[in-house]
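To start, the structure itself, in structure tokens.
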Amino acid sequence: MWGSVPCIHQNGDITGYSVQYRAVGSENKDTVETSETEITLLSLTPETDYEISVAAVNTEGIGVSTNTSAKTSAGSIAVHILYAHMHRATSFFTKERATGISSSAVAAPTSGAVIGVLLLILLVAVLLIVFVRWRRSHRGSVKVKSKPLPPPKPLREREEEEKGGSQSGLEMKDFEESNEEEKEYYFEDPSNIVVSRSDVPVAEFPEYVKLLHQDRDRKLEVEYKSLEKLPAASTEAAKLACNISHNRFKNIFPYDHSRVQLKGNPAEKGSDYINASFIDGYPEKKKAYIASQGPTELTANRFWEMVWDYQIPTIVMLTRCFED
Numbered sequence: 000m001w002g003s004v005p006c007i008h009q010n011g012d013i014t015g016y017s018v019q020y021r022a023v024g025s026e027n028k029d030t031v032e033t034s035e036t037e038i039t040l041l042s043l044t045p046e047t048d049y050e051i052s053v054a055a056v057n058t059e060g061i062g063v064s065t066n067t068s069a070k071t072s073a074g075s076i077a078v079h080i081l082y083a084h085m086h087r088a089t090s091f092f093t094k095e096r097a098t099g100i101s102s103s104a105v106a107a108p109t110s111g112a113v114i115g116v117l118l119l120i121l122l123v124a125v126l127l128i129v130f131v132r133w134r135r136s137h138r139g140s141v142k143v144k145s146k147p148l149p150p151p152k153p154l155r156e157r158e159e160e161e162k163g164g165s166q167s168g169l170e171m172k173d174f175e176e177s178n179e180e181e182k183e184y185y186f187e188d189p190s191n192i193v194v195s196r197s198d199v200p201v202a203e204f205p206e207y208v209k210l211l212h213q214d215r216d217r218k219l220e221v222e223y224k225s226l227e228k229l230p231a232a233s234t235e236a237a238k239l240a241c242n243i244s245h246n247r248f249k250n251i252f253p254y255d256h257s258r259v260q261l262k263g264n265p266a267e268k269g270s271d272y273i274n275a276s277f278i279d280g281y282p283e284k285k286k287a288y289i290a291s292q293g294p295t296e297l298t299a300n301r302f303w304e305m306v307w308d309y310q311i312p313t314i315v316m317l318t319r320c321f322e323d
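Residue numbers for the sequence shown follow numbering that gives the first Met the number 0, so the first one is 0 and each next one is one higher.
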């Protein structure tokens, strides 16, 4: 709609109006003639900017045009539908957008599939935890078949056999397997060990050692570390101020109940001390051996004093091997 041309600008009688229009960016112009001061343009593209010019027409021709612009609104049939499909196992959504109408996207995730995957992961985790705990509780359980031992012979009888040329007071024999019984030795993680002392019969010892060497000596390592769990006895004498310098190492002391005592000088405190301990022998031979630290420059005299006091005939030195 536009206003009429003022009389002073008409330059004659107005016979009509020429309306030209085109979409912005388009080279094609359309022209419509009308005798009214308003017009309805049809077949326009919805939601599109248009350039429009109106010029009056009289007997002399077309006058100067007046330019304007306008944007079309959405029509009832101007609907754009977009479909996007994702993988079936995850989700899909359909997006519909109508020009001039608020658009929305509806996403429908397959919640059932997601919940199923989460439940599967949870189930696998639970089974893994149960398996690890079961394996730990059954790790290292080893059964050893042991044969009954014959009653020990009297000491006098063994001594007579030795005098008669027997090579040893111990004799390995095979016995009937009808009275076989089973014993179990359990090897666990050293950190969980609660030591209960038990004897291994001599006849079973070779087989027991083989068990310790299984699994890359793991059982032997476990048994060795279990020594740390044994009840500790007192080491007061080794920690006296007058004796502390006679210990080669700061954390290895002899127990008071089994330490070797030198005759020493009664007038000199600590002169009876040496870092050495008695070891019982077999069978039931008390104080059969002495285990001593290697002598140092400070303790060498006391070491030889110990050899003299206890008339030690044999000295065995254990050390690392160094070349050159």
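All residues carry an ideal CB built from backbone N, CA and C; glycine is no exception.
On a predicted model such as this, the values are computed, not experimentally measured, just so you know.
Assuming residue i is part of the alpha helix (DSSP H), what are its boundary residues?
i    : result
Y223 : F204 to K224
Would you kindly report the start and end of the unbroken beta strand (DSSP E) that includes residue i?
i    : result
V315 : Neither: V315 is in no beta strand (DSSP E) and is coded neither H nor E.
D308 : Where D308 is concerned, there is no enclosing beta strand (DSSP E), although the alpha helix (DSSP H) it sits in stretches over A299 to D308.
K28  : It is not in any beta strand (DSSP E) - K28 carries neither H nor E in the DSSP assignment.
F277 : Y272 to G280
Y254 : Careful: Y254 lies outside any beta strand (DSSP E) and carries neither H nor E.
G60  : G60 to K70
N57  : D48 to N57
I243 : Looking at the DSSP string, I243 is not in any beta strand (DSSP E), and its letter there is neither H nor E.
T14  : I13 to A22
S34  : Careful: S34 lies outside any beta strand (DSSP E) and carries neither H nor E.
A290 : K284 to S291
R247 : Note, R247: premise wrong, no beta strand (DSSP E); not H, not E.
V259 : R258 to Q260
Under the rule that 16 or more other beta-carbon atoms within 10 Å means buried, what is residue i, buried or exposed?
i    : result
R319 : exposed
F204 : exposed
T30  : exposed
H301 : Reading the sequence as shown, one finds Arg at residue 301 and not His. Buried, by the Cβ-count rule.
Y272 : buried
A202 : buried
S291 : buried
V113 : exposed
Counting only the same chain and skipping the five closest in sequence on each side, list residues whose C-beta sits under 7 Å from that of residue i.
i    : result
I61  : S17 and A54
F130 : none
P294 : F302
Among the options, which one has its Cα closest to the Cα of residue i?
i    : options                   : result
N274 : R21, I51, F248 and G111   : F248
T47  : V315, V56 and Y20         : Y20
L40  : A22, N57, V56 and A202    : A22
N57  : I13, S244, L226 and K268  : I13
L261 : A236, K285, V201 and Y281 : A236
L297 : I243, A112 and K286       : I243
S25  : T44, E37 and A287         : T44
Our contact map puts residue i next to residue j with C-beta atoms below 8 Å; I'd like the distance itself, whole angstroms only.
i    : j    : result
S276 : S257 : 5 Å
L211 : K218 : 5 Å
K268 : C241 : 5 Å
Please return the same chain residues whose Cβ sits closer than 8 Å to the Cβ of residue i, not counting the five positions on each side in sequence.
i    : result
T33  : G15, Y16 and V18
T65  : W1, S52, V53 and A54
I289 : V259, A275, S276, F277, I278, M305, Y309 and I311
So, at 6 Å on beta carbons, what are the nonlocal neighbours of residue i in its own chain, with the 5 sequence-adjacent residues on each side left out?
i    : result
V315 : none
S270 : G263 and N264
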